[in-house]
Amino acid sequence: MARRRIPRWLARAPIPLYRHGLGRLLGRRLMMLEHRGRRSGLPRHVVLEVVDREPGALFLASGYGRGSQWFRNVSADPAVRVWNGPDRGVPARATVLAGEEVRQRLARYRRRHRRAAAALGRALGIPELTGDGPLPTDVDARLPLVRLDFAER
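Each residue of the sequence shown is one higher than the last, beginning at 188 in our numbering.
Below is the structure:
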């Protein structure tokens, strides 16, 4: 199944809200990530869904896989800044997760957000996200997760 792409204009539409301090209107399930272009070194911005959270950390999925530009950029330079809810421009460090931790985080996401997980699974061609069965062992290659650890405040 081919992956459906969100139109670029729609994906980028929330960025001005975050830049003007209105990102909190979108809730804490969405966040804006500032990362550096791996070639240009220029700041880049993307709005992503928070898949999971724990104190001092957020977890993001790269819906377009390892080829996604933001994913490639944070893999090359893990120093990022985060806008989420009332937090604006908070420094963080990105770490790509693998294996069992990815499966556990995605299983938790699937339990907590059934409709969103089903839609994501259909869009990305990962039917296991739509049900209750075990996630495939290669899900971390197909839907990589990134952990953002906030710098000490």
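C-beta atoms are modelled at their ideal positions from N, C-alpha and C, and glycine is treated no differently.
From a predicted model like this one, the values you see are computed outputs, not experimental measurements.
Host alpha helix (DSSP H) of residue i (start-end)
i: GLY308; result: 301 to 311
i: ARG195; result: 195 to 199
Residue i, DSSP secondary structure in three states
i: THR324; result: coil
i: GLU221; result: strand
i: LEU335; result: strand
i: LEU204; result: helix
i: ARG292; result: helix
Same chain, Cβ closer than 6 Å to residue i, neighbours up to 5 away in sequence not counted
i: ASP264; result: ARG223
i: THR282; result: ARG334
Beta-carbon proximity list for residue i, same chain, < 8 Å, skipping 5 on both sides
i: GLY276; result: GLU221, ARG268, VAL269, TRP270
i: ARG295; result: ASP239
Own chain, CB closer than 7 Å to residue i, minus 5 neighbours either side, in chain order
i: LEU260; result: According to the sequence shown, residue 260 is Asn rather than Leu. HIS222, ARG223, GLY224, ARG225, ARG231.
i: ARG290; result: LEU322, VAL326
i: ARG216; result: GLU236, VAL237
Proximity of residue i and residue j at Cβ, strictly below 8 Å
i: MET218; j: LEU229; result: no
i: LEU311; j: GLY250; result: yes
Residues sharing a beta bridge with residue i, DSSP
i: GLU236; result: LEU217
i: MET244; result: In the sequence as displayed, the identity of residue 244 is Ala instead of Met. GLU241, ASP336, per the DSSP bridge assignment.
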